[in-house]
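Visitor:
Residue numbers (this note's numbering), protein chains in the order written: chain A, 1 to 243; chain B, 244 to 535.
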């Protein structure tokens with residue numbers, strides 16, 4: 001029986017009085033990558049921000065490891081084991097790589113455990129160990145994305161939310177990063193991945209949801225979605241092959 | 244002007260400058276955590292002196308009266324944030340800044356109401372004759388001003404650079420959302436910065452009161468001087484605030500020496516305007532905000 005880490009039920013959220021997401025529901029199991037694909041402006045980022053506590057939901061529930069965390073502030077959610085790698089990374093630019101990672105471990109008490117986590121992220125992304133004393137703003141785009149993921153991992157999360165990790169990166173770097181995500185998944189981390197590159201996302205995810213105008217319009221196993229004609233046509237660029 | 248006269252003007256400039264620095268540190272701390280200018284900052288300078296005098300009149304020993312006035316002022320700073328500013332947090336910077344202006348009027352009026360309109364004197368921390376250094380006479384109280392300012396700046400710089408709290412405060416100054424995602428209690432950091440800022444302003448007010456007297460209405464002038472010093476330094480780091488303060492103090496003092504004491508208070512406004520026109524990021528600020 002797979003264990004549900006994150007459950008979202010009927011979530012509504014938006015900015016001011018403008019609703020951006022309507023009735024979003026999903027589950028993330030232990031050791032699973034779930035992806036949300038959809039066009040720009042479909043509400044994918046808002047959904048992640050709402051789950052992570054940066055945007056307050058107007059309806060619905062978020063449950064983390066069987067505990068209700070709806071509307072909890074982000075600083076509380078990190079302590080419960082949920083970390084967000086935000087859109088555009090939101091690194092602390094003038095601060096060093098080491099300090100960014102230390103901030104990722106802000107909620108943790110045991111220095112020995114933090115040292116273990118640091119060893120772990122340095123082995124996942126060896127380039128970060130080399131750049132340890134450099135300001136985060138001086139890293140390349142790929143290195144910055146690696147740092148953003150490593151920083152989130154420093155809080156020792158059970159659930160990781162990722163917002164567009166492939167955006168603007170070279171194919172080689174994207175392959176490295178998604179290789180790491182596969183490893184983390186196989187170790188039991190639950191990952192909720194928002195991606196514009198639907199091909200890439202469905203290749204690495206076990207299950208997926210398609211979002212359009214704030215609604216989940218289609219859900220299923222990643223392989224089924226990848227074979228779905230509508231998905232192929234609209235999100236996977238299949239028309240290129242059908243001309 | 245002889246060299247010993249010049250030295251005397253520099254010493255007197257550094258004396259005022261160190262006090263401006265303490266007030267400027269308060270502006271810098273609040274700006275870093277919230278992005279707003281706290282225009283009630285000068286009133287905490289007033290409270291520091293006035294409350295210390297009240298403590299002494301109440302019968303407290305002088306050191307205790309000074310510590311108590313700094314702590315009470317810090318408490319008022321925290322209360323200002325918690326009860327006047329936080330409820331309006333989402334209304335935008337301008338509303339918050341206007342609230343701080345209102346708070347400064349309230350504090351000033353209350354002080355006049357409670358402590359009266361007259362000037363008050365605080366005893367010197369360590370009474371004694373001036374120390375003569377290189378032809379300049381330095382009041383022992385000036386050594387207190389320099390010593391306390393130095394200790395405060397070193398302590399703040401260390402906390403900022405080396406501690407978990409300081410790291411969290413710097414993270415807050417870069418992005419509240421990113422800091423919250425790390426688990427930083429940003430609301431707590433903001434409240435702390437208001438408390439610290441009030442404490443520093445109050446310390447400045449208390450430590451200079453034996454030299455200058457104090458009264459309910461000394462806050463506005465201290466606020467303007469501290470603000471000019473903070474802008475001159477660039478609102479960036481504790482060290483920048485202190486250099487800004489010292490520089491402003493010396494400029495003022497030399498203007499008294501070379502021009503006329505009439506222009507003393509004009510200098511800080513001229514410096515303020517000149518910096519804002521010519522180098523808005525201040526002496527030590529980066530041009531524009533670095534963002535990743």
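Virtual Cβ for every residue (Gly too), placed ideally from N, Cα, C.
Short check: CB of residue 83 of chain A to CB of residue 160 of chain A, under 8 Å?
Guide: Contact flag set, yes.
Visitor: Look at the alpha carbon of residue 142 of chain A and the alpha carbon of residue 29 of chain A, and state the distance between them as a whole number of angstroms.
Guide: Straight-line Cα distance between these residues: approximately 28 Å.
Visitor: Quick one: which chain A residues come within Cβ less than 9 Å of residue 338 of chain B?
Guide: Ordered by position in chain A, no residue passes the 9 Å Cβ test against residue 338 of chain B, which lies about 17 Å from the chain.
Visitor: Under 8 Å between C-beta atoms, does residue 476 of chain B make it to chain A?
Guide: No, because no Cβ of chain A sits closer than 8 Å to the Cβ of residue 476 of chain B.
Visitor: So, does the stretch 370-390 of chain B touch the stretch 484-496 of chain B, judging by three or more C-beta pairs under 8 Å?
Guide: Output reads no: the stretch 484-496 of chain B does not touch the stretch 370-390 of chain B.
Visitor: Excluding the 5 residues preceding and the 5 following residue 128 of chain A in the sequence, name in chain order all residues of the same chain whose CB lies nearer than 8 Å to its CB.
Guide: These residues qualify, in order along the chain: 97, 101, 121, 122, 143, 146, 147, 150.
Visitor: Could you name the residues of chain B that residue 70 of chain A contacts, counting a contact when the two beta carbons are closer than 8 Å?
Guide: In chain order: nothing, as chain B lies at least about 17 Å away.
Visitor: For the candidate residues B:283, B:321, B:270, B:302, whose alpha-carbon lies nearest to that of residue 431 of chain B?
Guide: It is B:321.
Visitor: From the DSSP secondary-structure annotation, give me the bridge partner or partners of residue 388 of chain B.
Guide: None, per the DSSP bridge assignment.
Visitor: State the Cα-Cα distance for the pair residue 284 of chain B and residue 499 of chain B, rounded to the nearest angstrom.
Guide: Near 26 Å, if we compare the C-alpha coordinates of residue 499 of chain B and residue 284 of chain B.
Visitor: Taking beta-carbon pairs under 7 Å, can you tell me which members of the stretch 79-93 of chain A lie near chain B?
Guide: Hits within the stretch, in order: 79, 84, 86, 89, 90, 91, 92, 93.
Visitor: Under a Cβ-count criterion, where at least 16 other Cβ atoms within 10 Å of its own Cβ denotes burial, should residue 246 of chain B be classed as buried or exposed?
Guide: Looking at its Cβ environment, which holds fewer than 16 other Cβ atoms inside 10 Å, residue 246 of chain B is exposed.
Visitor: Helix, strand or coil for residue 461 of chain B? Go by DSSP, reduced to three states.
Guide: Looking at residue 461 of chain B - three-state DSSP - the assignment turns out to be coil, as it is neither helix nor strand.
Visitor: Starting from the C-beta of residue 23 of chain A, find all residues in its chain whose C-beta is less than 6 Å away, skip the five residues before and the five after it, and write them out in chain order.
Guide: Taken in chain order, the residues that qualify are 10.
Visitor: Taking CB distances under 8 Å as the criterion, tell me whether residue 58 of chain A reaches chain B.
Guide: So, not an interface residue.
Visitor: Would you mind telling me which residues of chain D sit closer than 8 Å to residue 52 of chain A, beta carbon to beta carbon, in chain order?
Guide: Judged by its chain identifiers, the structure shown contains no chain D, and its protein chains are A and B.
Visitor: Closest by CA to residue 56 of chain A, which one among A:15, A:218, A:40, A:157?
Guide: Among A:15, A:218, A:40, A:157, the Cα nearest to that of residue 56 of chain A belongs to A:15.
Visitor: For a minimum of 3 consecutive residues, which ranges assigned as the beta strand (DSSP E) are wholly contained in the stretch 371-453 of chain B?
Guide: Segments of the beta strand (DSSP E) lying fully in the stretch 371-453 of chain B: 374-376, 379-381.
Visitor: Is the Cβ-Cβ distance between residue 164 of chain A and residue 196 of chain A less than 8 Å?
Guide: Contact flag set, yes.
Visitor: In its own chain, which residues sit with a C-beta less than 7 Å from the C-beta of residue 282 of chain B, not counting the 5 before and 5 after it?
Guide: Only 340, 343, 344, 347, 466 meet the Cβ criterion.
Visitor: Keeping to the same chain, check which residues put their C-beta closer than 6 Å to that of residue 547 of chain B; ignore five residues upstream and five downstream.
Guide: A query on residue 547 of chain B cannot be resolved here, the shown segment of chain B reaching from 244 to 535 and no further.
Visitor: In this structure, does DSSP put residue 364 of chain B in helix, strand or coil?
Guide: Note: residue 364 of chain B maps to coil in three-state DSSP.
Visitor: With 8 Å as the C-beta to C-beta threshold (strictly closer), list the residues of the stretch 411-443 of chain B near chain A in chain order.
Guide: Flagged, chain order: 411, 413, 414, 417, 418, 420, 421, 422, 423, 424, 425, 426, 427, 428, 429.
Visitor: What are the boundary residues of the beta strand (DSSP E) that includes residue 57 of chain A?
Guide: Its beta strand (DSSP E) spans residues 57-64.
Visitor: Among A:118, A:95, A:91, A:65, whose alpha-carbon lies nearest the alpha-carbon of residue 81 of chain A?
Guide: When each option's Cα is compared against that of residue 81 of chain A, the closest is A:65.
Visitor: On the criterion of 16 or more Cβ atoms from any shown chain inside 10 Å, does residue 263 of chain B qualify as buried, or is it exposed?
Guide: The residue in question, residue 263 of chain B, is buried, as its Cβ has 16 or more Cβ neighbours within 10 Å.
Visitor: Take every Cβ of the stretch 288-307 of chain B, pair it with every Cβ of the stretch 387-403 of chain B, and state whether three or more of those distances are shorter than 8 Å.
Guide: Touching, no, given that fewer than three Cβ pairs across the two stretches are closer than 8 Å.
Visitor: By the three-class DSSP mapping on this structure, what secondary structure does residue 244 of chain B have?
Guide: Three-state result, residue 244 of chain B: coil.
Visitor: How would you list, in chain order, the residues of chain B whose beta-carbon sits under 7 Å from the beta-carbon of residue 74 of chain A?
Guide: The answer, in chain order, is 423, 424.
Visitor: Starting from the Cα of residue 162 of chain A, find the closest Cα among A:33, A:134, A:12 and give me that residue.
Guide: Looking at the Cα atoms, A:33 is the closest of the given residues.
Visitor: Please tell me whether residue 475 of chain B and residue 526 of chain B are closer than 8 Å, where the distance is taken between their beta carbons.
Guide: Yes, these two residues count as a Cβ contact at 8 Å.
Visitor: Just the C-alpha distance for residue 265 of chain B and residue 392 of chain B, rounded to the nearest angstrom, thanks.
Guide: Spanning the two alpha carbons is a distance of roughly 7 Å.
Visitor: Just grab the DSSP bridge partners of residue 253 of chain A for me.
Guide: No answer is possible for residue 253 of chain A: the residues shown for chain A start at 1 and end at 243.
Visitor: By the criterion of Cβ-Cβ separation under 7 Å, what are the contact partners of residue 104 of chain A in chain B?
Guide: Chain B residues near residue 104 of chain A: 425.
Visitor: Where does the unbroken alpha helix (DSSP H) through residue 9 of chain A begin, and where does it stop?
Guide: Segment 4-15 is the beta strand (DSSP E) holding residue 9 of chain A; no alpha helix (DSSP H) there.
Visitor: Between which two residues does the beta strand (DSSP E) harbouring residue 192 of chain A extend?
Guide: Run containing residue 192 of chain A: 190-195, per the beta strand (DSSP E) assignment.
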